[in-house]
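See below for the structure under consideration.
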Amino acid sequence: MPREKADEAGHASGSGQPNEGGQVNKSDRGNKSDKADEGYNAKGGPKERGPWEHGPGEGGPATLTGFGRYAGPATLILSSLADGVKHGYALTKDIEEFAGVRLAPGTLYEALARLDAQGLIEPVETDDRRRPYRLTAAGATALRASLKAQRAAANAGLHRLDIHWRLT
1 MPREKADEAG HASGSGQPNE GGQVNKSDRG NKSDKADEGY NAKGGPKERG
51 PWEHGPGEGG PATLTGFGRY AGPATLILSS LADGVKHGYA LTKDIEEFAG
101 VRLAPGTLYE ALARLDAQGL IEPVETDDRR RPYRLTAAGA TALRASLKAQ
151 RAAANAGLHR LDIHWRLT
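Taking the numbering used here, the leading residue of the sequence shown gets 1, the next gets one more, and so forth.
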């Protein structure tokens, strides 16, 4: 561990103690840059948030942070449930039909568990052995935000292709 330097007043660098002028040296704030404290990324640009994220105490839709590789399947599941209540097999078939993607059972049920835990979907009571799910209001809000963000990204990509590649 490196030794801390002391200033003329005897305060250790990084101690957070004010100097003789009553000010705390910027280096005393730790390893974070000033901009990181103010909502900027490491390169100095503003921190961006995904459509599923919100800051502490900001409210907003439930988040999918932590979904990792299940974010894509989650969007497909939420899109399918936007059309009505479905159980696992019906979800798989609907997603395959409208998106051309077949979700493996492990992927499907892991994403369903996470969506349920976050309150984006909820199980529907039934006497059947199948467990149907429905979209919640929070799920609908999160889905709309995600799809709008995906549309914006797709439009930007298509625009750049049109400008630079002249593809038809």
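C-beta: ideal position from N, C-alpha, C; glycine also.
Being a predicted model, the structure only gives us computed values, none of them experimental.
Less than 9 angstroms between the C-beta atoms of Arg-195 and Leu-81, yes or no? What is shown of the chain runs 1 to 168, which leaves residue 195 out entirely.
Compute the beta-carbon to beta-carbon distance between Gly-139 and Leu-76, rounded to the nearest angstrom, for a pair I have assumed lies under 8 angstroms. So it is not a contact: roughly 13 angstroms between Cβ atoms.
Reducing DSSP to helix, strand and coil, say where Arg-144 ends up. helix
Arg-114: first and last residue of the uninterrupted alpha helix (DSSP H) it sits in: 105-117
Going along the chain, which residues of its own chain have a beta-carbon closer than 7 angstroms to the beta-carbon of Gly-157, five neighbours each way excluded? none
Looking only at DSSP bridge pairs, what is Tyr-133 linked to? Lys-86, Pro-123
For Asp-94, which of helix, strand or coil comes out of DSSP? helix
Out of Tyr-89, Gly-119, Ala-117, Ala-99, which has the shortest C-alpha to C-alpha gap to Gly-106? Tyr-89
Counting only the same chain and skipping the five closest in sequence on each side, list residues whose C-beta sits under 7 angstroms from that of Leu-91. Only Ile-77, Ser-80, Leu-108 meet the Cβ criterion.
Use the C-beta contact count for Thr-126: other C-beta atoms within 10 angstroms, 16 or more gives buried, fewer gives exposed. exposed
Just how far apart, CA to CA, sit Asp-94 and His-164? 36 angstroms
Under 9 angstroms between the Cβ atoms of Arg-151 and His-87? Not a contact, by the Cβ cut-off of 9 angstroms.
I'd like the span of the alpha helix (DSSP H) that includes Gly-72, first residue to last. 71-81
Cα-Cα separation, Ala-145 to Thr-136: 14 angstroms
Just to confirm, are Leu-103 and Pro-73 a CB contact at a threshold of 9 angstroms? In this structure, Leu-103 places its C-beta atom within 9 angstroms of the C-beta atom of Pro-73.
Can you tell me which of the three DSSP states Asp-28 falls into? Low confidence applies here, because Asp-28 scores a pLDDT of 45, under 50, leaving its location unreliable; read the following figure in that light. Three-state DSSP puts Asp-28 in a helix.
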